[in-house]
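Everything below concerns the one structure shown next.
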Amino acid sequence: MTTKNDEILVTVGLGERSYPIRIARGLLGKLGSDIASRKIGNRFCVISDDRVAELYGESLMRSLSGGGLHAEILTFPHGEASKELATIAALARQLAKKGFDRGDALIALGGGVTGDITGFLASVYMRGIPFVQVPTSLLAQVDSSVGGKTGVDIPEGKNLIGTFYQPQAVYIDPDVLSTLPDQEFLGGLAEVIKYGIIRDREFFDFLAVNRKAILALDDSALLPLLERCCEIKANVVEEDEREGGLRRILNFGHTIGHAVEAASNFTLIHGLAISIGMRAATDLAVLGGHCTPEDDLAVRRLLQEFGLPVDIPPKFDRQAIRRFLLTDKKTVGGRVFFVLPQEIGRVIITDKVASTDIDEVLANT
Ligand SMILES: NC(=O)c1ccc[n+]([C@@H]2O[C@H](COP(=O)([O-])OP(=O)(O)OC[C@H]3O[C@@H](n4cnc5c(N)ncnc54)[C@H](O)[C@@H]3O)[C@@H](O)[C@H]2O)c1
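Under our numbering, the first residue of the sequence shown is numbered -14, with each subsequent residue one higher.
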C-alpha cells in the first residue's frame, strides 16, 4: 500500500497481468486522465445498469472526455436477473453495431452484477478486449471488482458460466456509497466482516471499535476498511488466482449462506444470507472442535452489532436448505466443503463435517 495526496493505492501482483486499485474520494470525476495514461484502448464503452447509469453515468462520461477519451455508454436493467447470457448477447451485438473492435475497451460502472457481466463480456468479445472496473456498491468495492472472476447465471445455478479475466485497473470512489440503499450497504458489510474472520483478527477488532464511524461513512474508518479488504483480496488472489486452494477461503459463510439464499428464492440479499451462513459455519466449527465458543460468540456479536441477521428466518424450509447444500456448485466430487474458523483470523477448509452437526446447526440457527 502507498498513500499519496489522500489517495490509497493497492496493487494486485500477478506478473504482467498486475493492476492497480486506486481508492480516493472524488475519483469518479477525475479518472479519465489516469485511464488515458494507461493506453488501455482507443475507444471505450461504459457498461452500467439503469440505476447506476442514471446516478453516475454522466459524471463518468465527463471524466472520460476530460481525459481526451472517446466513450459511449450502454445500459441494462438493474438486478441479478440481468446476469444472464441474453444480456451478454444483446450488449455484444450493440458493441458490434457500433464498430467496437479489438483495440477498444470496456468500463464496468456499477455493482457486482455489472462487474461480472462486463468482465465476462470483455473476456469473450472478439476473443477478449481489456476492461476497467469502477465499482459502486460496497460489495463490489471490497470484493467482486478485484480478482478477475466474471460470469453469468443460468437457471441451473448462479455463476455457472464464467471466466477468470483480470481488469486493467480498479477505481474506487467512496463518495458513491452515499446513494447505496442501506440494505445493500449492509450486505457488503457481511463480506467486510468475512475478511476479518478468515484472515485478520486485528481488522475484526477494528470493525468492532469503529462500527459507528463505518456506518456514518466516515473517512477515518471507511478508507482503511476499503484498503484492508482490497489488500486481503489481492493477497489471496496473488497466491491462488484460479481458486485451486487458498482462494476458497473467500467462500467462508457461502456454503450454508448460498443454500439459505436459494431457499429464499433469491429474495434475501446475498450478503445477508452470507451473514447467516457465517454464523452457522462458526457454530459448526465449535461442534467439530475447531473453534472456541468465545470466538463463536464474538462473530455472532459483531454481525448483530452491525444489524446483520444471524438466524434463518422461521418461515424458511430447513429441509430445502439441506437439499440446496448438497447441490452447491462448490461441491467437489459430490463432497460438500466448508470453510470453518479455527480462531478469528484463521480458517480451514474441510469436508469432514458430521451430518448430525449440520442438522443440529440448521435446527438452531
Ligand atoms: N466476481 C466476483 O468475485 C464476485 C464476488 C462476490 C459477488 N459477486 C457477484 O456480485 C453480485 C452482487 O453484487 P452487488 O451486491 O453489488 O449487486 P448489484 O450489482 O445488483 O447492486 C445492487 C443494487 O445496488 C444498486 N447500486 C449499485 N451501486 C449503487 C450506488 N452507488 N448508488 C445507488 N445504487 C447503487 C444497483 O443498481 C443494484 O440495484 C452477484 O451477482 C454476485 O454473484 C461476484
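The beta-carbon is built from N, C-alpha and C at its ideal position, and this holds for glycine as well.
The structure displayed is predicted, hence computed values, not measured ones.
With a threshold of 7 Å (Cβ to nearest heavy atom), would H275 be considered close to ligand 1? Here residue 275 is taken as the residue at index 290 of the sequence shown, counted from 1. No.
Identity of the residue in I102, G132, L253 and S163 nearest I139 by Cα: Indexing the sequence shown from 1 puts residue 139 at position 154. Closest by alpha carbon: I102.
Neighbourhood of H424 by C-beta distance below 7 Å, restricted to the same chain and skipping five residues each side: Residue 424 cannot be examined here, being either before or after the span of the chain that is shown, -14 to 350.
For L145, which residues from the same chain have a beta carbon less than 6 Å from its beta carbon, with the 5 sequence-adjacent residues on both sides left out? Taking the sequence shown and counting its residues from 1, the one referred to as residue 145 is at position 160. Correct list, in chain order: I139.
How long is the line joining the alpha carbons of L162 and L210, rounded to whole angstroms? Counting from 1 along the sequence shown, the entry for residue 162 is found at position 177. Counting from 1 along the sequence shown, the entry for residue 210 is found at position 225. So the alpha carbons of these two residues sit roughly 13 Å apart.
Alpha carbon to alpha carbon, how far is R184 from A81? Counted from its first residue, the sequence shown places residue 184 at position 199. Counted from its first residue, the sequence shown places residue 81 at position 96. If you take the alpha carbons of R184 and A81, they lie about 43 Å apart.
Can you tell me whether N195 is helix, strand or coil according to DSSP? Against the sequence shown, residue 195 aligns to sequence position 210. If DSSP states are grouped into helix, strand and coil, N195 belongs with coil.
Could you tell me if the beta carbon of V221 falls within a distance shorter than 7 Å of some heavy atom in ligand 1? Here residue 221 corresponds to residue number 236 of the sequence shown, with the count starting at 1. Outside the cutoff, so no.
When you compare each of E141, V137 and D160 to F149 by their alpha carbons, which one comes out closest? The residue you call residue 149 lines up with position 164 of the sequence shown. Residue V137 is the option with its Cα nearest to F149.
Please state if the CB of G17 and the CB of V31 are separated by a distance shorter than 8 Å. Along the sequence shown, read from residue 1 onward, the residue named residue 31 stands at position 46. Along the sequence shown, read from residue 1 onward, the residue named residue 17 stands at position 32. Against a cut-off of 8 Å, the Cβ pair of G17 and V31 comes out as no contact.
Using only CA atoms, which one of V119, A93 and F170 lies nearest to S108? As a working mapping, residue 108 is identified with position 123 in the sequence shown. Closest option to S108, Cα to Cα, is A93.
Please list, in chain order, all residues of the same chain as I343 whose beta carbon is under 6 Å from its beta carbon, the five residues on each side excluded. Start at 1 with the first residue of the sequence shown, and residue 343 comes out as number 358. Within the same chain, I343 has no close Cβ partners at all.
Classify I146 as helix, strand or coil using the three-state DSSP reduction. If you number the sequence shown from 1, residue 146 lands on position 161. Here I146 sits in strand by DSSP.
Helix, strand or coil for A339? Go by DSSP, reduced to three states. Taking the first residue of the sequence shown as position 1, residue 339 is located at position 354. The answer is coil: DSSP assigns A339 none of H, G, I, E or B.
Considering only heavy atoms of ligand 1, does any lie closer than 7 Å to the CB of P152? As a working note, residue 152 is residue 167 in the sequence shown. Checking the Cβ of P152 against ligand 1 gives no.
Taking the alpha carbon of R213 as the reference point, which residue from K24, A154, L13 and Y180 has its own alpha carbon closest? To locate residue 213, count along the sequence shown from 1; it is residue 228. For the residues K24, A154, L13 and Y180, the minimum Cα distance to R213 belongs to Y180.
Which stretch, first to last residue, makes up the alpha helix (DSSP H) that contains V161? Start at 1 with the first residue of the sequence shown, and residue 161 comes out as number 176. Here V161 belongs to no alpha helix (DSSP H), and DSSP marks it neither H nor E.
Considering only the alpha carbon of each residue, which of R28, L174, V284 and P62 lies closest to V117? Walking along the sequence shown from the start, residue 117 turns up at place 132. Comparing Cα positions, the closest option is R28.
So within the region 19 to 84, which uninterrupted beta strand (DSSP E) runs reach at least 3 residues, ignoring any that extend past its ends? 28 to 34 and 55 to 61
G84: buried (16+ other C-beta within 10 angstroms of its C-beta) or exposed? Numbered from 1 along the sequence shown, position 99 holds the residue referred to as residue 84. Exposed: under 16 other Cβ atoms inside 10 Å.
Rounded to whole angstroms, how far is the Cβ of I234 from the Cβ of V127, which I believe are closer than 8 Å? Numbered from its first residue, the sequence shown carries residue 234 at position 249. Numbered from its first residue, the sequence shown carries residue 127 at position 142. That belief does not hold up - the Cβ atoms of I234 and V127 are roughly 15 Å apart, past 8 Å.
Could you check whether the Cβ of E65 sits closer than 7 Å to any heavy atom belonging to ligand 1? For the purposes of this step, residue 65 is identified with residue 80 of the sequence shown, where counting begins at 1. Flag set: Cβ of E65 near ligand 1.
For F323 and A258, believed in contact at Cβ under 8 Å, the rounded distance: Position 273 of the sequence shown, counted from the start, is the residue given in the question as residue 258. Position 338 of the sequence shown, counted from the start, is the residue given in the question as residue 323. A258 to F323, Cβ: 16 Å. No contact.
Backbone CA spacing between S50 and C215 [nearest angstrom]: Start at 1 with the first residue of the sequence shown, and residue 50 comes out as number 65. Start at 1 with the first residue of the sequence shown, and residue 215 comes out as number 230. When rounded, the distance between both Cα atoms is 28 Å.
At 3 residues or longer, and completely inside the region 85 to 112: list those beta strand (DSSP E) runs for me, N to C. 90 to 95
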